[in-house]
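Chemist: Top to bottom, those sequences are chains A and B. When we follow the numbering used here, the leftmost residue of the first sequence carries the number 35, and every step to the right adds one. When we follow the numbering used here, the leftmost residue of the second sequence carries the number 35, and every step to the right adds one.
Number of protein chains: 2
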Amino acid sequence: MDRARDGQFQATHQAAGGRRASGVMTVNKLLRLNSREKNILVKTPIMASLGPSALTKMLDLATAVNYESRDILFREGEEAESFYCVLSGYVRLYRLNKDGREADIRICGPGDTFAECLLYLGPNYRYNAQAAENVTLARFDIARVRAAAEQDVDISRAIMQSLANHLLTTMDCVANDRLQTAPQRVAHFLLTSCPKESTSASIRLPFQKSLLAGKLGLAPEALSRAFSALRRAGVTVRGRLIQINDVNALKQI
Amino acid sequence: MDRARDGQFQATHQAAGGRRASGVMTVNKLLRLNSREKNILVKTPIMASLGPSALTKMLDLATAVNYESRDILFREGEEAESFYCVLSGYVRLYRLNKDGREADIRICGPGDTFAECLLYLGPNYRYNAQAAENVTLARFDIARVRAAAEQDVDISRAIMQSLANHLLTTMDCVANDRLQTAPQRVAHFLLTSCPKESTSASIRLPFQKSLLAGKLGLAPEALSRAFSALRRAGVTVRGRLIQINDVNALKQI
DNA sequence: CGGCATATTGAAGTTTGTCAACTGCAGTGG
DNA sequence: CCACTGCAGTTGACAAACTTCAATATGCCG
Numbered sequence: 035m036d037r038a039r040d041g042q043f044q045a046t047h048q049a050a051g052g053r054r055a056s057g058v059m060t061v062n063k064l065l066r067l068n069s070r071e072k073n074i075l076v077k078t079p080i081m082a083s084l085g086p087s088a089l090t091k092m093l094d095l096a097t098a099v100n101y102e103s104r105d106i107l108f109r110e111g112e113e114a115e116s117f118y119c120v121l122s123g124y125v126r127l128y129r130l131n132k133d134g135r136e137a138d139i140r141i142c143g144p145g146d147t148f149a150e151c152l153l154y155l156g157p158n159y160r161y162n163a164q165a166a167e168n169v170t171l172a173r174f175d176i177a178r179v180r181a182a183a184e185q186d187v188d189i190s191r192a193i194m195q196s197l198a199n200h201l202l203t204t205m206d207c208v209a210n211d212r213l214q215t216a217p218q219r220v221a222h223f224l225l226t227s228c229p230k231e232s233t234s235a236s237i238r239l240p241f242q243k244s245l246l247a248g249k250l251g252l253a254p255e256a257l258s259r260a261f262s263a264l265r266r267a268g269v270t271v272r273g274r275l276i277q278i279n280d281v282n283a284l285k286q287i
Numbered sequence: 035m036d037r038a039r040d041g042q043f044q045a046t047h048q049a050a051g052g053r054r055a056s057g058v059m060t061v062n063k064l065l066r067l068n069s070r071e072k073n074i075l076v077k078t079p080i081m082a083s084l085g086p087s088a089l090t091k092m093l094d095l096a097t098a099v100n101y102e103s104r105d106i107l108f109r110e111g112e113e114a115e116s117f118y119c120v121l122s123g124y125v126r127l128y129r130l131n132k133d134g135r136e137a138d139i140r141i142c143g144p145g146d147t148f149a150e151c152l153l154y155l156g157p158n159y160r161y162n163a164q165a166a167e168n169v170t171l172a173r174f175d176i177a178r179v180r181a182a183a184e185q186d187v188d189i190s191r192a193i194m195q196s197l198a199n200h201l202l203t204t205m206d207c208v209a210n211d212r213l214q215t216a217p218q219r220v221a222h223f224l225l226t227s228c229p230k231e232s233t234s235a236s237i238r239l240p241f242q243k244s245l246l247a248g249k250l251g252l253a254p255e256a257l258s259r260a261f262s263a264l265r266r267a268g269v270t271v272r273g274r275l276i277q278i279n280d281v282n283a284l285k286q287i
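1. Could you give the distance in angstroms between the alpha-carbon of A/Tyr128 and the alpha-carbon of A/Ile139?
2. Of all the alpha helix (DSSP H) runs that stay within the bounds of the region 191-240 of chain B, which reach a length of 4 or more residues?
3. Distance cutoff 9 Å, beta carbons only. Does A/Gln164 sit that close to anything in chain B?
4. Could you check where the beta strand (DSSP E) with B/Arg173 kicks off and where it finishes?
5. Whose Cβ in chain A lies nearer than 9 Å to the Cβ of B/Arg129?
6. Curious, which full-length alpha helix (DSSP H) runs of at least 4 residues does the region 78-140 of chain B contain?
7. Exposed or buried, which one is A/Leu252 when buried takes at least 16 other CB atoms within 10 Å?
8. Listing by chain order, which chain B residues have their CB less than 7 Å from the CB of A/His222?
9. Identify the residues that DSSP records as bridge partners of B/Arg272: which are they?
10. Within the same chain, show all residues whose beta-carbon is closer than 7 Å to that of A/Lys230, passing over the 5 residues directly before and after it, in chain order.
11. Which residues bound the alpha helix (DSSP H) around B/Ala166?
12. Following the continuous alpha helix (DSSP H) through B/Ala263, name the residue where it begins and the one where it ends.
13. Could you check which residue in A/Ile278, A/Gly145, A/Arg109 has the C-alpha nearest to that of A/Cys119?
14. May I ask you to list the residues that DSSP assigns as paired with B/Cys142?
15. To the nearest whole angstrom, what separates the beta carbons of B/Leu224 and B/Ile278, a pair I think is in contact under 8 Å?
16. Answer yes or no: do B/Asn162 and B/Ile80 have a C-beta to C-beta separation smaller than 9 Å?
17. In three-state terms, what does DSSP make of B/Asn158?
18. Where A/Val58 and A/Lys77 are concerned, what is the direct C-alpha to C-alpha distance, given to the nearest angstrom?
19. Pick out whichever of A/Thr233, A/Ser69, A/Leu75, A/His222 has its Cα sitting closest to the Cα of A/Gly143.
20. Just verifying my parser: in three-state terms, what is the DSSP assignment at B/Thr65?
21. So, at 6 Å on beta carbons, what are the nonlocal neighbours of B/Ser56 in its own chain, with the 5 sequence-adjacent residues on each side left out?
22. Straight-line CA distance for B/Arg238 to B/Cys228?
23. When we look at the beta-carbon of A/Gly273 and count the other beta-carbons within 10 Å, is it buried (16 or more) or exposed?
24. Starting from the Cα of A/Thr226, find the closest Cα among A/Ser103, A/Asp206, A/Gly123 and give me that residue.
25. Which residues bound the alpha helix (DSSP H) around A/Leu284?
26. Have a look at B/Leu93 and B/Ile189 and give me their C-alpha separation to the nearest angstrom.
27. A/Tyr159 and A/Glu110: beta carbons closer than 9 Å?
28. Between the C-alpha atoms of A/Tyr154 and A/Leu202, what's the straight-line distance to the nearest angstrom?
29. Below 8 Å on the Cβ atoms is my contact criterion, and I expect B/Val125 with B/Phe108 to pass it. Report the Cβ-Cβ distance as a whole number of Å.
30. For a contact meaning CB atoms closer than 9 Å, what does A/Gly251 contact in chain B?
31. Starting from A/Leu245, follow the alpha helix (DSSP H) in both directions and report where the run begins and ends.
32. Rank B/His222, B/Leu89, B/Leu171, B/Leu65 by C-alpha distance to the C-alpha of B/Val187 and give the top, closest one.
33. Are there 16 or more other CB atoms within 10 angstroms of the CB of B/Leu171, so buried, or fewer, so exposed?
34. Taking A/Gln214 and B/Asn131 to be in contact with their CB atoms under 8 Å, please state how far apart those CB atoms are, rounded to whole angstroms.
35. How many angstroms separate the CA atom of A/Ala236 from the CA atom of A/Val271?
Now the structure itself:
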């Protein structure tokens, strides 16, 4: 059975979060970050503001971990031992209702930190996390980082900035869900993906459309229809490539 | 013209946030908290975890301010000088779309802190805040609290806990909006308002139904219909009084 | 009781979700 | 090289849920 292709299998047997090397899976082998991974990590928002000593402490606490597409990182209700920072790939954070329907809460890409809010809260994860594609993550032990933050103001300040940012982003999400229709959400997303001050642009989606649909709180079909509704505003879609002829027209949607 | 009853007037002439005494308005007079207000403030989540010295510092930084129902506390885009903690009454945080439609992001009641995320972020408010009824608030100067947090780990820890809490609450909000229908949202709200482990309950809404509707992301009419849909699950509504005959039946909605 | 704001109800109308069929593409294996 | 397969995405038809508008009812406070 192909684990990466069978959601049901994933749903009952959690992936253990191993690091794979040359096609061979070595479960739960946590490694220090290699230099390429370190270079990515130190540029992420949560690390970039740290002073040299705080940065060293955090790098010492980080381990690297890989997941394959559709692997489950953790589930709602499990005891939270770690929080994560994405080095490459995308991770979905989502909830289930009692019928088993899923709703994405957040899509985390390179540089994004997630579950760090549990540093100062209850002992359990509050949502599910799944790799949307093959991902590399930096993993941090919650208890150790909490201890480090108590001693180093740089670290606690970085965590606060991260929390404050996520809070505002999530509040934006609530407001957008409640105020905007599907084409408006898509237009808004495209505009935030455009370089500032440009009159036209062409964008390559960094992930599948189904993932974008979830991020925007839409069914994949609704995203499709939103794109075709945006054609009259000069938006051309071919695969992951999106051509925007008139940025100002998009703003009027 | 009655300021408290004319939304348009409020929309163009911002209330200055004065403290009123015996019907006479004294604009912008910021006062130290009286002992009753202090007693409330020290029990709020953000203050309760502070040690004695941190608590004293924060109380010294706090000023009391009253607003009348429908007063605007601040608007999106304004420079953020203060964050607030609700001592009594309710405050709506909301956004406008370009058609002028409003969507509530959060309803803050006694003990709730808001806009504290700006301690570590950009200089502007990111949403509007309006008194939903007559309110008393503790106001904190952002720059001063930021300085205090740098020196006192208790304070920065309290802020982090507050941020983490709000983040999780807001993520819950996104998930609930995306997963639950109107009756389910109302049922969920009622269940969180019930004492734990009770089989039946009677609740008094702490605010107007229109405010509850906004909190749940619904039009007032949709809330009304949700309540009448819940009648068959043993929910009786008369004014602000709500009788729940069977808590378990509500959980099945 | 009057006056006003809040809440409820009914009747459209929108928007989105759901289900199903179909397309297009990429990879597989004969 | 080509049929087969599996998956992502699109499209259509329909249903469900919610909003909006309008009319009416209820409740509150002078």
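Every residue, glycine too, gets a C-beta built ideally from N, C-alpha and C. Fair warning: this is a prediction, and the values are worked out from it, not measured in the lab.
Modeler: Considering the structure as presented:
1. Locating residue 128 of chain A in the first sequence gives position 94, where the first residue counts as 1. Locating residue 139 of chain A in the first sequence gives position 105, where the first residue counts as 1. Taking the straight line joining both Cα atoms gives about 5 Å.
2. 216-227
3. Taking the first sequence and counting its residues from 1, one reaches residue 164 of chain A at position 130. Not an interface residue.
4. Position 139 of the second sequence, counted from the start, is the residue given in the question as residue 173 of chain B. Where B/Arg173 is concerned, the enclosing beta strand (DSSP E) stretches over 169-175.
5. Along the second sequence, read from residue 1 onward, the residue named residue 129 of chain B stands at position 95. Simply Met205, Asp206, Val208, Ala209, Asn210, Arg212, Leu213.
6. Entirely contained in the region 78-140 of chain B, the alpha helix (DSSP H) runs reaching 4 residues are, in chain order, 79-82, 86-95.
7. For the purposes of this step, residue 252 of chain A is taken as the residue at position 218 of the first sequence. Per the 10 Å Cβ criterion, buried.
8. Taking the first residue of the first sequence as 1, we reach residue 222 of chain A at position 188. In chain order: nothing, as chain B lies at least about 11 Å away.
9. Against the second sequence, residue 272 of chain B aligns to sequence position 238. Note: B/Arg272 sits in a beta bridge opposite B/Leu275.
10. Locating residue 230 of chain A in the first sequence gives position 196, counting from the first residue. Counting only Cβ-Cβ distances below 7 Å, and skipping sequence neighbours, we find nothing.
11. Translated into the one-based positions of the second sequence, residue 166 of chain B becomes position 132. Note, B/Ala166: premise wrong, no alpha helix (DSSP H); not H, not E.
12. Counting from 1 along the second sequence, the entry for residue 263 of chain B is found at position 229. Element bounds for B/Ala263: 254-263.
13. Here the question's residue 119 of chain A lines up with position 85 in the first sequence. Checking every option, the nearest Cα to that of A/Cys119 belongs to A/Gly145.
14. Your numbering for residue 142 of chain B matches position 108 in the second sequence. In the DSSP output, where bridge partners are listed per residue, B/Cys142 has B/Val125.
15. Residue mapping note: residue 224 of chain B aligns to position 190 of the second sequence, counting from 1. Residue mapping note: residue 278 of chain B aligns to position 244 of the second sequence, counting from 1. Yes, they are in contact, since the Cβ atoms of B/Leu224 and B/Ile278 sit about 6 Å apart, within 8 Å.
16. Position 128 of the second sequence, counting from 1, holds the residue named residue 162 of chain B. Position 46 of the second sequence, counting from 1, holds the residue named residue 80 of chain B. Contact flag unset, no.
17. The residue you call residue 158 of chain B lines up with position 124 of the second sequence. In this structure, B/Asn158 counts as strand in the three-state DSSP scheme.
18. In the first sequence, counting from the first residue as 1, residue 58 of chain A sits at position 24. In the first sequence, counting from the first residue as 1, residue 77 of chain A sits at position 43. Residue placement at A/Val58 cannot be trusted, given a pLDDT of 37 that sits under 50; the coordinates are not used to answer.
19. Against the first sequence, residue 143 of chain A aligns to sequence position 109. Among A/Thr233, A/Ser69, A/Leu75, A/His222, the Cα nearest to that of A/Gly143 belongs to A/Leu75.
20. Taking the second sequence and counting its residues from 1, the one referred to as residue 65 of chain B is at position 31. The question names Thr, yet the displayed sequence has Leu at residue 65 of chain B. Here B/Leu65 sits in strand by DSSP.
21. By 1-based counting over the second sequence, the position of residue 56 of chain B is 22. Reliability of the predicted coordinates at B/Ser56 is poor, the pLDDT of 35 falling under 50, and the value obtained from them is presented with this limitation in mind. Answer for B/Ser56: no residue qualifies.
22. Here residue 238 of chain B corresponds to residue number 204 of the second sequence, with the count starting at 1. Here residue 228 of chain B corresponds to residue number 194 of the second sequence, with the count starting at 1. If I take the Cα positions, the gap works out to 10 Å.
23. Along the first sequence, one-based indexing puts residue 273 of chain A at 239. It is exposed - the Cβ of A/Gly273 has fewer than 16 other Cβ atoms within 10 Å.
24. Taking the first sequence and counting its residues from 1, one reaches residue 226 of chain A at position 192. Nearest of A/Ser103, A/Asp206, A/Gly123 to A/Thr226, Cα basis: A/Asp206.
25. Start at 1 with the first residue of the first sequence, and residue 284 of chain A comes out as number 250. A/Leu284 -> alpha helix (DSSP H) spans 281-285.
26. Against the second sequence, residue 93 of chain B aligns to sequence position 59. Against the second sequence, residue 189 of chain B aligns to sequence position 155. Between B/Leu93 and B/Ile189, the C-alpha separation is close to 12 Å.
27. Residue mapping note: residue 159 of chain A aligns to position 125 of the first sequence, counting from 1. Residue mapping note: residue 110 of chain A aligns to position 76 of the first sequence, counting from 1. Going by C-beta atoms, A/Tyr159 is nearer than 9 Å to A/Glu110.
28. Numbered from 1 along the first sequence, position 120 holds the residue referred to as residue 154 of chain A. Numbered from 1 along the first sequence, position 168 holds the residue referred to as residue 202 of chain A. Using only the alpha carbons, I get a separation of about 18 Å.
29. Stepping through the second sequence from its first residue, residue 125 of chain B is reached at position 91. Stepping through the second sequence from its first residue, residue 108 of chain B is reached at position 74. Actually they do not touch by this definition, with Cβ atoms about 11 Å apart.
30. On the first sequence, position 217 is the one that residue 251 of chain A refers to. By Cβ distance, chain B contributes Val208, Asp211, Arg212.
31. Along the first sequence, read from residue 1 onward, the residue named residue 245 of chain A stands at position 211. Segment 243-249, the alpha helix (DSSP H) holding A/Leu245.
32. Within the second sequence, the letter at position 153 stands for residue 187 of chain B. Here the closest residue by C-alpha is B/Leu89.
33. In the second sequence, counting from the first residue as 1, residue 171 of chain B sits at position 137. Answer is buried; the Cβ neighbour count reaches 16.
34. Taking the first sequence and counting its residues from 1, one reaches residue 214 of chain A at position 180. Taking the second sequence and counting its residues from 1, one reaches residue 131 of chain B at position 97. That pair is a contact at about 7 Å.
35. Counting from one through the first sequence, the residue named residue 236 of chain A turns up at place 202. Counting from one through the first sequence, the residue named residue 271 of chain A turns up at place 237. Reading off the sequence, residue 236 of chain A comes out as Ser, not Ala. Distance between the alpha carbons of A/Ser236 and A/Val271 is about 10 Å.
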